[in-house]
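Working notes for the structure below.
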Amino acid sequence: MRLYVLCFWGNPAACTGKCLPGKFRASGLDICLNLQYNEPTNSFLSMPNDSSREFYANTTSESGVSLIMYREQSENGISANKKVLQGIPQNDVPLYPIKFRPLYKNYIWGGRNLERLGKELPEGRVAESWEISTHPDGMGIIANGPFQGHTLQELIRAHPVAIVGTASYQAYGEHFPLLLKLIDANDWLSVQVHPNDRYAALHERDTGKTEAWVVLEAEPDATIIHGLNRDISREELKAYLQEGRLNQILKYRPIRKGDVVYIPAGTIHAAGRGLLLAEVQQNSNATYRLYDYDRKNPDGTSRPLHIEKALDAIDYGRVRQDGFVDGLKVCPEPGLCVEYLIADPHFFIQRLTVTSEAACIADGRSFHALIILSGQGQLSWKGGTLPFRTGESILIPAELGSYRIQGHAAILKSFVGDLTRDVLEPLAEAGYSPEAIREKVAGFQRQD
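My numbering numbers the first residue of the sequence shown as 3 and each following residue consecutively.
Okay, here's the thing in structure tokens:
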């Protein structure tokens, strides 16, 4: 495959030579490609004089039009779709641990408490920091190394298996399955529910949304809502809402620093005032509000509710389930303890406690998405070192290979896992019974 690197007028540094206004230039070719803009699809279509190739350029970024797709007619008459990515090497990709620029969300319930995690916040309230994301509502920009300035999605499109791994690619293709956040619940979040994959596929342009919280800080009287205090039907729940009595059946739970909460899609929930949370979730922004304390938007309009969709999305067979996760701990080497927390079909979560140095390996099956819950140190791998501190997040590419964590830190690790290899076998070797694993590791039952 010949590598074509195209650039858009206004970003001449992206290729050699100078593009003419409103045209693309293919490096190494003596042509400029006439540009047509397709407004409904926010894409560019250009046709070269050589009719054997049709060029498509999509996905704009800070470096210009970056994803180049073209259909090339072969000698046997079969056309093939091919793609390259401007600015990212196509061979011998230099894999390394990746940091991202935080993406801040100023929802009404936020505050300034993410500053306690070392975040340099913009003015005003900040509710969430989207740490690792390929969601259209907040696309993560790489902050370090050769891929700096590109989006994570661009990198995945260029090297899907090397970045996400074979297990993730087989399940999700080039769709990155997770979204990692830090949350400042300076006030109560709405009482809400997220759809499962099946409902989201029918009603949203998004996936379902199972999620989990790890509590970083909690005020002494901090509380959450997780589920209901009794079984109920859709009709009964709707009556409680219409009569203003929802509060009577919500299940309130006290919560403290270090707690882990598992929130499968279909669970009614809300984070209470005075919490700092790390959140791992499916890569989705689908949320249905049942109740929002009659709050107003800055322009004075009421924040919308989504009653019918919420009532449809609730998993009525699990409304009383306890979402608090005990987990099981294994200390495989002197400087490392691993808590096995969640083994959901969509993601596995472990909490690592590193007290000196720990050996890890990204063996090609899945990326490792890391949130530094506390402490500091550095990552080292064959190609170099990378310092880290509290509040940072790092993506380990699936094919990075061996790496080491050095320092004193608590780290949340998320990945696409295999139940037998990543949970059952290591916990059985540590002496835990199948009954203990099923009881203490959340999401285990949903693998059945």
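Glycine residues also receive a C-beta, built at the ideal position from the N, C-alpha and C atoms. Computed from a predicted structure; not experimentally measured.
I need the boundaries of the beta strand (DSSP E) containing residue i, first residue and last residue.
i: S304; result: It is not in any beta strand (DSSP E) - S304 carries neither H nor E in the DSSP assignment.
i: K101; result: I100 to R103
i: E437; result: From DSSP, E437 is part of no beta strand (DSSP E) but of the alpha helix (DSSP H) over P436 to K442.
i: R406; result: G403 to F417
i: T351; result: The question names Thr, but residue 351 in the sequence shown is Ile. I351 -> beta strand (DSSP E) spans F350 to V356.
i: H177; result: Neither: H177 is in no beta strand (DSSP E) and is coded neither H nor E.
i: R275; result: Counting along the chain, R275 falls outside any beta strand (DSSP E), and DSSP gives it neither H nor E.
i: K331; result: L330 to E335
i: P148; result: Element bounds for P148: n/a, residue is neither H nor E.
So for residue i, helix, strand or coil by DSSP?
i: D208; result: coil
i: S455; result: This structure leaves residue 455 out entirely; the chain is present only between 3 and 450.
i: L243; result: helix
i: G268; result: coil
i: P477; result: Here the chain comprises residues numbered 3 to 450, so residue 477 is not present and cannot be evaluated.
i: L191; result: coil
i: D424; result: helix
i: R236; result: helix
i: D223; result: coil
i: G112; result: coil
i: D294; result: coil
i: D199; result: helix
i: E117; result: helix
i: G142; result: coil
i: V263; result: strand
Please determine, among the options, the residue with the shortest C-alpha to C-alpha distance to residue i.
i: Q408; options: G329, L381 and Q283; result: L381
i: T225; options: A169, F369 and V193; result: V193
i: W190; options: I234, Q172 and A129; result: A129
i: K211; options: D223, N198, H205 and A203; result: N198
i: A371; options: L204, E206 and E394; result: E394
i: I316; options: H177, P336, G419 and E238; result: E238
i: L230; options: Y318, W111 and L402; result: Y318
i: H177; options: P162, N188, D186 and I185; result: P162
i: I251; options: R258, Y242 and I257; result: Y242
i: C333; options: A438, S368, G433 and L181; result: G433
i: D233; options: R320, H308 and D294; result: R320
i: A360; options: W383, F369 and D346; result: W383
i: T303; options: P99, Y98 and I110; result: I110
Report all residues from its chain with a CB closer than 8 Å to the CB of residue i; omit the five preceding and five following residues, and keep chain order.
i: I353; result: According to the sequence displayed, residue 353 carries Arg and not Ile. Correct list, in chain order: V216, V262, G329, V340, E341, L343, L375, A412, I413, L414 and K415.
i: P96; result: G147, P148 and G385
Who are the near neighbours of residue i in its chain, counting only those whose CB is closer than 6 Å to its CB and skipping five residues on each side?
i: H271; result: I227, H228 and I265
i: A312; result: V195, Y290 and L292
i: A2; result: Nothing can be reported for residue 2, as the shown portion of the chain is limited to 3 through 450.
i: R275; result: D189 and W190
Whole-angstrom Cβ separation of residue i and residue j, contact assumed at under 8 Å?
i: R291; j: K298; result: That belief does not hold up - the Cβ atoms of R291 and K298 are roughly 14 Å apart, past 8 Å.
i: G120; j: T392; result: 6 Å
i: G366; j: E335; result: No, G366 and E335 are not in contact; Cβ-Cβ is about 22 Å, not under 8 Å.
i: A267; j: E206; result: The pair is not a contact, with the Cβ atoms about 12 Å apart (cut-off 8 Å).
Just reading off the alpha helix (DSSP H) that residue i is part of, what are its end residues?
i: A288; result: Here A288 belongs to no alpha helix (DSSP H), and DSSP marks it neither H nor E.
i: I309; result: I309 to A315
i: A160; result: L154 to A160
i: A430; result: E427 to E431
Going by beta carbon distance, what residues of the same chain come within less than 7 Å of residue i, once the five residues before and after it are set aside?
i: R200; result: none
i: D186; result: G112, G113, N115, L116, V128, A129 and L278
i: K520; result: Only positions 3 to 450 of the chain appear in the structure, and residue 520 is not among them; the question remains open.
i: H348; result: P179, T212 and Q284
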